[in-house]
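Line by line, the protein sequences give chains A and B.
Counting the first sequence from 1 gives a position; the working numbering is that position plus 5.
Counting the second sequence from 1 gives a position; the working numbering is that position plus 3.
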Amino acid sequence: MAEKLPPLTLSSLDKKRRKVSFNNRYGWFFISFCLILLALFMLYPIISSLIMSTFSSRGMISRYVGLGNYKRLLHDTVFLQALKNTLLFFIIQMPIMLFLALMIATLLNNKAIKFRGVFRTGIFLPAVTSLVTYATLFKMMFSLEGFVNRFLMTTHLISDPIPWLVDPFWARITVMIALTWRWTGYNMVFYLSGLQNIPDELYEAAKIDGANALQQLGRITVPLLKPIILFTAVTSTIGTLQLFDEPTSFASGGVTAATIGPGNSLLTMSVYIYNLCFKYMPNFGYAATVAYVIVILVAILAFVQFKLAGDRR
Amino acid sequence: MKGKLYLLRVLQYAFLLSCFILAVFPFFWMVVGATNTAVDIIKGKISFGNELIPNLNRLFSDYDVTGIFWNSCKISLLTVLGQLLFSSMAGYGFELFSSKTRERIYGVVLLTMMVPFAALMIPLFRLIVSFNLLDNHAGLILTSLVSVFLVFFFRQSFKSFPKEIIQAARVDGAGEFRIFCSIVVPAMKATYAAAAIYAFMTSWNSYMWPLIVLQSNEQKTMQLLISTLSSAYFPEYGVIMTAIIISTLPMICIFFSLQKHFIHGITGSLKQ
Numbered sequence: 006m007a008e009k010l011p012p013l014t015l016s017s018l019d020k021k022r023r024k025v026s027f028n029n030r031y032g033w034f035f036i037s038f039c040l041i042l043l044a045l046f047m048l049y050p051i052i053s054s055l056i057m058s059t060f061s062s063r064g065m066i067s068r069y070v071g072l073g074n075y076k077r078l079l080h081d082t083v084f085l086q087a088l089k090n091t092l093l094f095f096i097i098q099m100p101i102m103l104f105l106a107l108m109i110a111t112l113l114n115n116k117a118i119k120f121r122g123v124f125r126t127g128i129f130l131p132a133v134t135s136l137v138t139y140a141t142l143f144k145m146m147f148s149l150e151g152f153v154n155r156f157l158m159t160t161h162l163i164s165d166p167i168p169w170l171v172d173p174f175w176a177r178i179t180v181m182i183a184l185t186w187r188w189t190g191y192n193m194v195f196y197l198s199g200l201q202n203i204p205d206e207l208y209e210a211a212k213i214d215g216a217n218a219l220q221q222l223g224r225i226t227v228p229l230l231k232p233i234i235l236f237t238a239v240t241s242t243i244g245t246l247q248l249f250d251e252p253t254s255f256a257s258g259g260v261t262a263a264t265i266g267p268g269n270s271l272l273t274m275s276v277y278i279y280n281l282c283f284k285y286m287p288n289f290g291y292a293a294t295v296a297y298v299i300v301i302l303v304a305i306l307a308f309v310q311f312k313l314a315g316d317r318r
Numbered sequence: 004m005k006g007k008l009y010l011l012r013v014l015q016y017a018f019l020l021s022c023f024i025l026a027v028f029p030f031f032w033m034v035v036g037a038t039n040t041a042v043d044i045i046k047g048k049i050s051f052g053n054e055l056i057p058n059l060n061r062l063f064s065d066y067d068v069t070g071i072f073w074n075s076c077k078i079s080l081l082t083v084l085g086q087l088l089f090s091s092m093a094g095y096g097f098e099l100f101s102s103k104t105r106e107r108i109y110g111v112v113l114l115t116m117m118v119p120f121a122a123l124m125i126p127l128f129r130l131i132v133s134f135n136l137l138d139n140h141a142g143l144i145l146t147s148l149v150s151v152f153l154v155f156f157f158r159q160s161f162k163s164f165p166k167e168i169i170q171a172a173r174v175d176g177a178g179e180f181r182i183f184c185s186i187v188v189p190a191m192k193a194t195y196a197a198a199a200i201y202a203f204m205t206s207w208n209s210y211m212w213p214l215i216v217l218q219s220n221e222q223k224t225m226q227l228l229i230s231t232l233s234s235a236y237f238p239e240y241g242v243i244m245t246a247i248i249i250s251t252l253p254m255i256c257i258f259f260s261l262q263k264h265f266i267h268g269i270t271g272s273l274k275q
């Protein structure tokens, strides 16, 4: 026994070591291209803009200000407006869209409903349009004399045209409607594929126990879909906080130096960053600071969402 | 009880149908618009006119649409190929050859998904300038050759790939890269199709980064063309609609031809 042990352990150790080096060689090989590209076009910019955010620049001249840029934000009324606008989209539009997507997905998962394929394809279709495309389309449809106002007036739902794009309140509503149109189907597909993994027997058992549709949604669908709901919530949060294309396309006349949308109502943080870089006298340092506010907000909100999902369990 | 169920069904269909109509109507309106004059579109006409040919003529005579369309195709195809290759390789490497260090790196890679593009924009812009790639398609393609989301997506999908097959191929003496190319990739067609749709969609539809990198008219993409058209002082709505149709058509074709795989691919990645 004692004579046999040493060679055995040695050879198994050797085998393990060989396996580790084999694993390493191919592991590094397969991920190397990706890592090089990410280091150059992701990691470097992230670090670089973090450093940049401690500088303030006016054209060519820049000086170190430490956390000065972050302090400046608190008194920057334009930034606060941008923050408010962005958060409005986040608080109002995102929950409506995700709830709608979940509703449609549960209906389309019901085998008793006919033409599910047609409904699914049609409702997903908006997701293939580009942001510029649909923003342009919606801008035309929602213009003062546009199709939507005409339709609502001929059906006598309203007596006066709604100033969709010229009034600060309605401009936000229009962008929210457009966002919901574009992204509901996209999120629905994720829910739908998640729902397909939930066994039908669960619902049948619930029905036998006398659970109604709402109880089934709250007790079976939502808890089992939680990882996917979390996924869509986090991706939507990132998307909403980065909102750029829609506001720029919707604001009549595009981005001008001073305002975007009626009364700056469509000025989001990303638009502000763009303005700081390319419209005003470029101040890259300050723009990077605003960008990091987005990073921090996304991190906080994602963390809160993860916590909420975890606690309910 | 039966009447109640019947009413519920009707309500469900009504809800789905209204969602369907709301979702599809703008497409219909876009096609109708392309056949009408700007004045008719403003008036809210929703029947087909006969202005399609004049609209197309004006679009093609005023702008180099074929060139711009080709620009978009070239950029998107190269980006999709790069993203599929590099992201799937990375996902495969992370999943099949896991080690402590690589798991940590994977965590960091996933974290970068949270960083908004706006934060990267300025350093990336400077990088492009220093590489002398401003106003060059290569600058656009090079910066988007890897998608972190796709790395994550591929890794999730590879989790359900039977490892015994890989082991068997190893015993038969196949090299690791060959196993990946000739066994794993063909078996994961649905995943690749879903990833291709996603990658093509993001690349074809991207607006902000091309807006910054591409500056001359010859280099423009379809999205930039549309935004130029619609920000004109007197927008020619009929012409814009034709441009929109031309830019949306490839997306719709690709989606319809790969739709089956798309749903399957997403389902496969969410199983874990």
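Cβ atoms here follow ideal geometry from the backbone N, Cα and C, with glycine treated the same way.
Fair warning: this is a prediction, and the values are worked out from it, not measured in the lab.
(1) Do we get a CB-CB distance below 8 angstroms when we pair B/G241 with the residues of chain A?
(2) With 9 angstroms as the limit, tell me which residues of the segment 96–113 of chain B have their beta carbon closer than that to any beta carbon of chain A; keep them in chain order.
(3) At a Cβ threshold of 8 angstroms, is A/M286 touching chain B?
(4) Closest to A/S53 by CA distance: which of B/A122, B/Q226, B/C184 is it?
(5) Run the CB neighbour count on B/H264, radius 10 Å, all protein chains shown included, and call it buried at 16 or more, exposed below.
(6) Using the three-state DSSP reduction, which class does A/I167 fall into: helix, strand or coil?
(7) Are the CB atoms of A/S241 and A/M145 within a distance shorter than 8 angstroms?
(8) Roughly how many angstroms lie between the CA atoms of A/T82 and A/I128, to the nearest whole one?
(9) On the CB-based measure, 16 or more other CB atoms within 10 Å of its CB, does A/E209 come out buried or exposed?
(10) Residues bridged to A/I128 by DSSP?
(11) By DSSP's criteria, A/Y69 is part of a beta bridge. Which residues make up the other side?
(12) Kindly indicate which residue of A/F156, A/V123, A/F249, A/F255 has the alpha-carbon position closest to the one of A/T91.
(13) Which residues in chain A sit within 8 angstroms of B/S160, going by Cβ to Cβ distance?
(14) Are the CB atoms of A/D5 and A/P267 nearer to each other than 8 angstroms?
(15) Any beta-carbon of chain A closer than 8 angstroms to the one on B/P326?
(16) Give a yes or no on whether the C-beta atoms belonging to B/W207 and B/S79 are separated by under 8 angstroms.
(17) For B/V111 versus B/I249, is the C-beta distance shorter than 8 angstroms?
(18) Measuring straight from C-alpha to C-alpha, what distance separates A/G259 and A/Q86?
(19) Does the segment 107–118 of chain A touch the segment 283–301 of chain A, meaning 3 or more C-beta pairs lie closer than 8 angstroms?
(20) Closer than 8 angstroms by beta-carbon distance: list the chain B residues that pair up with A/M146, in chain order.
(21) Residues of chain A with CB under 7 angstroms from B/M211, in chain order?
(22) Compare the C-beta of A/E150 against all C-beta atoms of chain B and say whether one is closer than 8 angstroms.
(23) Residues in its own chain within less than 8 angstroms of B/L55 by CB, not counting five upstream and five downstream?
(24) Taking the straight line between their C-alpha atoms, what separation do you get for B/L148 and B/G94?
(25) Give me, in chain order, the residues of the same chain whose beta-carbon lies closer than 6 angstroms to that of B/I226; leave out the 5 immediate sequence neighbours on both sides.
(26) Taking a contact to mean a Cβ-Cβ separation below 8 angstroms, would you say B/A199 touches B/F156 in this structure?
(27) Quick check: the segment 228–240 of chain A against the segment 303–312 of chain A, are there 3 or more CB pairs under 8 angstroms?
(28) Taking 8 angstroms as the cut-off, decide whether the C-beta atoms of A/F95 and A/L246 are in contact.
(29) State yes or no: is the C-beta of B/F97 within less than 8 angstroms of the C-beta of B/R105?
(30) Alpha carbon to alpha carbon, what distance is there between A/T160 and B/M117?
(31) Going along chain B, which residues have a C-beta under 7 angstroms from A/P204?
(32) Is there at least one Cβ from chain B nearer than 8 angstroms to A/V137's Cβ?
From the atom records:
(1) Numbered from 1 along the second sequence, position 238 holds the residue referred to as residue 241 of chain B. So, not an interface residue.
(2) G96, F97, L99, F100, S101, S102, T104, R105, I108, Y109, V111, V112
(3) Numbered from its first residue, the first sequence carries residue 286 of chain A at position 281. Taking Cβ atoms only, chain B never reaches closer than 8 angstroms to A/M286, which makes this a no.
(4) Within the first sequence, numbered from 1, the residue matching residue 53 of chain A stands at position 48. When each option's Cα is compared against that of A/S53, the closest is B/A122.
(5) For the purposes of this step, residue 264 of chain B is taken as residue 261 along the second sequence, with counting starting at 1. Buried.
(6) Along the first sequence, read from residue 1 onward, the residue named residue 167 of chain A stands at position 162. Here A/I167 sits in coil by DSSP.
(7) Indexing the first sequence from 1 puts residue 145 of chain A at position 140. Indexing the first sequence from 1 puts residue 241 of chain A at position 236. Going by C-beta atoms, A/M145 is not nearer than 8 angstroms to A/S241.
(8) Along the first sequence, one-based indexing puts residue 82 of chain A at 77. Along the first sequence, one-based indexing puts residue 128 of chain A at 123. The straight-line gap from Cα to Cα measures roughly 40 angstroms.
(9) The residue labelled residue 209 of chain A in the question sits at position 204 within the first sequence. That one is exposed.
(10) Sequence index remark: in the first sequence, residue 128 of chain A carries index 123 (1-based). Looking at the DSSP assignment, A/I128 forms no beta bridge with any residue, so it has no partner.
(11) Locating residue 69 of chain A in the first sequence gives position 64, where the first residue counts as 1. Partner(s): A/F60.
(12) Translated into the one-based positions of the first sequence, residue 91 of chain A becomes position 86. Comparing Cα-Cα distances from A/T91 to each of A/F156, A/V123, A/F249, A/F255, the minimum goes to A/F249.
(13) Within the second sequence, residue 160 of chain B is the residue found at index 157, counting from 1. Result: empty, since nearest Cβ-Cβ is about 12 angstroms, beyond 8 angstroms.
(14) With chain A represented from 6 up to 318, any question about residue 5 of chain A goes unanswered, as that position is not in the structure.
(15) In the structure as shown, chain B starts at 4 and stops at 275, and residue 326 of chain B therefore has no counterpart that could be examined.
(16) Numbered from its first residue, the second sequence carries residue 207 of chain B at position 204. Numbered from its first residue, the second sequence carries residue 79 of chain B at position 76. Yes.
(17) As a working mapping, residue 111 of chain B is identified with position 108 in the second sequence. As a working mapping, residue 249 of chain B is identified with position 246 in the second sequence. Going by C-beta atoms, B/V111 is not nearer than 8 angstroms to B/I249.
(18) Position 254 of the first sequence, counted from the start, is the residue given in the question as residue 259 of chain A. Position 81 of the first sequence, counted from the start, is the residue given in the question as residue 86 of chain A. Low per-residue confidence applies at A/G259: pLDDT is 47, beneath 50, and the placement is therefore not dependable, though the value from the model is reported in the following sentence. The straight-line gap from Cα to Cα measures roughly 18 angstroms.
(19) no
(20) As a first step, residue 146 of chain A must be located in the first sequence, where it is residue number 141. The answer, in chain order, is P29, W32.
(21) Within the second sequence, numbered from 1, the residue matching residue 211 of chain B stands at position 208. Residues of chain A passing the Cβ test: F249, D250.
(22) Against the first sequence, residue 150 of chain A aligns to sequence position 145. It does; some Cβ of chain B falls within 8 angstroms.
(23) Here residue 55 of chain B corresponds to residue number 52 of the second sequence, with the count starting at 1. Within the same chain, B/L55 has close Cβ partners A37, T38, T245.
(24) Sequence index remark: in the second sequence, residue 148 of chain B carries index 145 (1-based). Sequence index remark: in the second sequence, residue 94 of chain B carries index 91 (1-based). The straight-line gap from Cα to Cα measures roughly 14 angstroms.
(25) For the purposes of this step, residue 226 of chain B is taken as residue 223 along the second sequence, with counting starting at 1. The sequence shown places Gln at residue 226 of chain B, rather than the Ile named in the question. Only Y210 meet the Cβ criterion.
(26) Against the second sequence, residue 199 of chain B aligns to sequence position 196. Against the second sequence, residue 156 of chain B aligns to sequence position 153. The answer is no: Cβ separation not under 8 angstroms.
(27) yes
(28) Counted from its first residue, the first sequence places residue 95 of chain A at position 90. Counted from its first residue, the first sequence places residue 246 of chain A at position 241. Yes, they are a contact pair.
(29) Counting from one through the second sequence, the residue named residue 97 of chain B turns up at place 94. Counting from one through the second sequence, the residue named residue 105 of chain B turns up at place 102. Going by C-beta atoms, B/F97 is nearer than 8 angstroms to B/R105.
(30) The count along the second sequence starts at 1 and reaches residue 117 of chain B at position 114. The count along the first sequence starts at 1 and reaches residue 160 of chain A at position 155. Whole-angstrom Cα-Cα distance: 45 angstroms.
(31) Taking the first residue of the first sequence as 1, we reach residue 204 of chain A at position 199. Going along chain B, no residue has its Cβ under 7 angstroms from A/P204, so there is no contact; the nearest lies around 13 angstroms.
(32) Taking the first sequence and counting its residues from 1, one reaches residue 137 of chain A at position 132. Yes, because at least one Cβ of chain B sits closer than 8 angstroms to the Cβ of A/V137.
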